[in-house]
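Residue numbers (the UniProt record's numbering): 1 to 1117. Quick reminder that beta carbons are idealized off the backbone N, C-alpha and C, glycines included.
Below you can see the structure in the form of structure tokens.
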């Protein structure tokens, strides 16, 4: 860059005024010379102008005369008209100190030079005699050393002698100063006298041309009367005839041809590279330099060695004047013709090019001055330099001592690094940008030199400055984890030409943003929307520190904190969440958050969740964190009992009613799980967390399920029961369920408000706010138990009870448990599991039940099932469809009650069935025994109806006794010849042979005398049956056995028919014949070898038992 641009060096805009002739000011830290005056005469003020104090503290410059005016009080006794001279004076102390410094430096240099001279001491033959000096060293090196020391001593001596003379002269400094003042005053008056004299002489000379000569009245009269005067001289030549248009065209064509020949043949290698674009027309050649100028030249001779001549000049950039002034055209014509005669086209281009560059700088200066007086008033400083221009913007941004920024337009010489010029590249205008007192070299500042606009140049620089500020804040924010994890969004809009369009927008909430912009004229920051938080941020950015990136980050984060706190208070209170004071200390908070960044905490509480539960929200650039805390206020040493981080959805939450509702659900679910886990830990029940999909909760809430072991829950309940009753549990008991998998999945489903009264203690109704504060919440939890075989539960469909339902497709029992927030659910869950275990036993039995047994209703409170009646063998198959008997089991209480319809054959054994159903696996057993007993009970009802006529005629009587559920006794009473009753007892017992159930018919032992002899009358009556067999039954010599069903009915009917016939006729031979074949000896087997019994029995509790052991009810799995 040329000298106008200071070769790209730093432009010192913040320089201060200096003294000693520079604008008449005083240099800081340099005392004014007193010229030997007494110290008392020196003014005490620091604001001294020209050696005298100014009453207003200002410095005045007298640039016209170069002299400094002296104000009162005077430092000498001269009159006020004589100016006291202070310019060029140097204090004597400074001269002495500088001279001492210079002498010291010269001495050091002399010593170094002497040390650098190589010198070898002369060799000495033998020892030097004692007492005699060594021979003088006359070597060349030694001489040079001495010469250097001598020269230093002479120079220093002469300088210090002069200093001595000056010191002696300074004693008369006051008088000499007065003499200097008087001489300067006389010289100024002499100069003024000479100037006035010269002015008068020039005025007299100029008046000569202004004087008008006397009019030539004689010549005028002669010309006016005769039209001519003989004494007027004649020119003596004839004017050439005017050119015709054809001649003019021919002359112009010839001139164009000559110009073309010269430029293409003779001067083609002399044309500058920038003049390659030219046109020849109208007898002139027009050289066009894009963005600079157009010049018209022509020739005046056919000789191509002659010079070109200037015709016209035009600017080729905007804005520029369309027509130049006559004076400027005359100047250019004279100067260009002179340069064309000396340097040719090359010199013409250089001159006009530099002229245009200078004109462009002046045009930018004019535009900048207009801006400083209009739209950029007070914020733009225009400083013209030597062929350069500096435009300082934002002058009020950082104050007088702050960093400054400016744009400098100067001329770049385009010289190579070795100083040589490139003919293809000429000097050009460049714009350099200085930001905060430093030149920005890595940013290209666009500058349109063809269309000059100082405002566009300033806007471009300001736009880059705004981009730097906003980008610095943006990049600083992007480095923090909250933006790295995309928890918050940020938008940076940059315009390279319009700084007002550049902005930085940061997300405050889910819908609201804060926008930071920089005003292009003043440089002050503005934040939208305007709130009390944004006002504080603007003040910090505009009047705070000098680092806009750090201040901008802190400013925006503080605005976000204020916005979030206000939103929490405004929206949370309406839905039951209120902000409260911190229940813990700052050190405890730091231990929880563990971040190095500044943070802001907010504590929230929800009515209905208890006073010990808090939600802590931490706002920081490291990322917003939500924590759930349980604080024990009674334990100051460790007040935090429970803490967990709430994993909310990334990003800024939308603080609407749905968010607060989801937060309540989420927090309550975690509190419920924490309470349950604590209870499981105390009961030593193992658990496992598993992520699962919960469609009952909103999509934003994700709570893990708890997996528990069913066997451990049952074992824990029995352990607590034994502990309560002070009995030791049986460690060998097995708690695994046969119907369910050993796993329970517990899922949180939501909340329900607990029903409460709507009136306060005074009897008045609660207001809306009071009702919201006093409401208590119930948690809703689902416990899922999956069955092993879904086919066993085909009878269950949908809801079983109010809080229990069964999903047949997935094979799941779902327990709906409702508890107050903070109460464990394990005890309620155990109760539900036990109740369903009893029901499942019935369903398993229902699946294995024989006969046409159908379940109509199954619930935890009631079970209803039906079964078909059986036909008697004597009944025809064409009769109507058999009746279905309904059985109802009441499970509402601990003891199950059984209800049968009137006329049901099982009414005979209702008490035994009720006792059986209340035993372990009773529901399963009853469905096994009822189909087995139905054929016998049905046949017994039929037999009883047949014996009723005989009983009325006193021919015999039948009594039936149900000893146990599988032991039925029949007692026949027949009248004897002597009036004594003849008793026949038959027993029907169920036994198992080869995994099959058989009903064993035997004769009851009459007494302690043993069995009756074979010739006894009843043995002879029954002998035909005991020794025969039929379909599904066979005789056993002393008894008979039949399979359950029609075979049993047929055998029992035959036995009764034989006994009844004997009772009617009294003749054994007239008993009904046995159609079945006689049992062969090989087919006879012993009852003890064929049947087995169970070890226990269920009795009716009556005394109707005869001899023999009690047998247990038959249970088949």
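Residue pairing for residue 439: DSSP places it in a beta bridge opposite 434. The Cβ atoms of residue 704 and residue 684 do not sit closer than 7 Å to each other. With respect to residue 477, residue 575 sits apart: the two C-beta atoms are not nearer than 7 Å.
Contact holds between the segment 366-373 and the segment 440-460, because three or more Cβ pairs, one in each stretch, are under 8 Å apart.
Per DSSP, reduced to three states, the secondary structure at residue 480 is coil, with no helix or strand assignment. Taking C-beta atoms as the reference points, residue 784 and residue 825 fail to come closer than 7 Å. Distance from residue 502 to residue 443 at the Cβ level is roughly 15 Å; contact not present, criterion being Cβ atoms closer than 8 Å. Relative to the Cα of residue 975, the nearest Cα in the group 872, 984, 1003 and 916 belongs to 984. Counting every other CB atom within 10 Å of its CB across the protein chains shown gives residue 1029 a total of 16 or more, marking it as buried. Under the three-state reduction of DSSP, residue 1037 is assigned to coil, being neither helix nor strand. For residue 992, the enclosing beta strand (DSSP E) stretches over residues 981-993. In the three-state reduction of the DSSP assignment, residue 274 falls in the helix class.
DSSP places residue 180 inside the alpha helix (DSSP H), whose first and last residues are 173-210.
For residue 392, the enclosing beta strand (DSSP E) begins and ends at 388-393. Beyond the five residues adjoining it in sequence on each side, residue 805 comes within less than 7 Å, by CB distance, of 798, 799 and 814 in the same chain, given in chain order.
According to DSSP, residue pairing for residue 314 in a beta bridge involves 294. Distance between residue 812 and residue 860, taken at the CA atoms: about 16 Å. Going by DSSP, residue 631 is part of no alpha helix (DSSP H) but of the beta strand (DSSP E) stretching over 625-631.
No Cβ-Cβ contact shorter than 7 Å links residue 665 with residue 646. Here the segment 1017-1027 makes contact with the segment 1036-1049; the two share three or more CB pairs at distances below 8 Å. Approximately 6 Å separates the beta-carbon atoms of residue 912 and residue 962; this is inside 8 Å, confirming the contact. Sequence-distant partners of residue 524 (beyond 5 residues in either direction) whose C-beta falls short of 6 Å from its own C-beta, in its chain, are 542. Under the three-state reduction of DSSP, residue 414 is assigned to coil, being neither helix nor strand. Ranked by Cα distance from residue 583, the first of 604, 593 and 598 is 604. Straight through space, the alpha carbons of residue 105 and residue 161 are spaced by roughly 18 Å. A distance below 7 Å between beta-carbons, with the five flanking residues on each side excluded, links residue 424 to the following residues of its chain, in chain order: 273.
The closest CA to that of residue 178, considering only 77, 155 and 990, is found on 77. Counting the other CB atoms within 10 Å of its CB gives residue 401 a total below 16, which places it among the exposed residues. Bridge partners of residue 862 according to DSSP: 890. Taking residue 865 as reference, the option from 246, 881, 845 and 871 with the minimal CA-CA separation is 845. Contact between the segment 295-305 and the segment 260-275 is present: three or more C-beta pairs spanning the two stretches fall below 8 Å. A buried status is given to residue 533, since no fewer than 16 other beta-carbon atoms sit within 10 Å of its beta-carbon. Around the beta carbon of residue 943, 16 or more other beta carbons lie within 10 angstroms, which makes this residue buried. The alpha carbon of residue 86 has as its nearest neighbour, out of 173, 587 and 147, the alpha carbon of 173. In this structure, DSSP gives residue 964 an extended state, which the three-state scheme calls strand. Between residue 535 and the set 556, 474, 958 and 520, the nearest pair of CA atoms involves 556.
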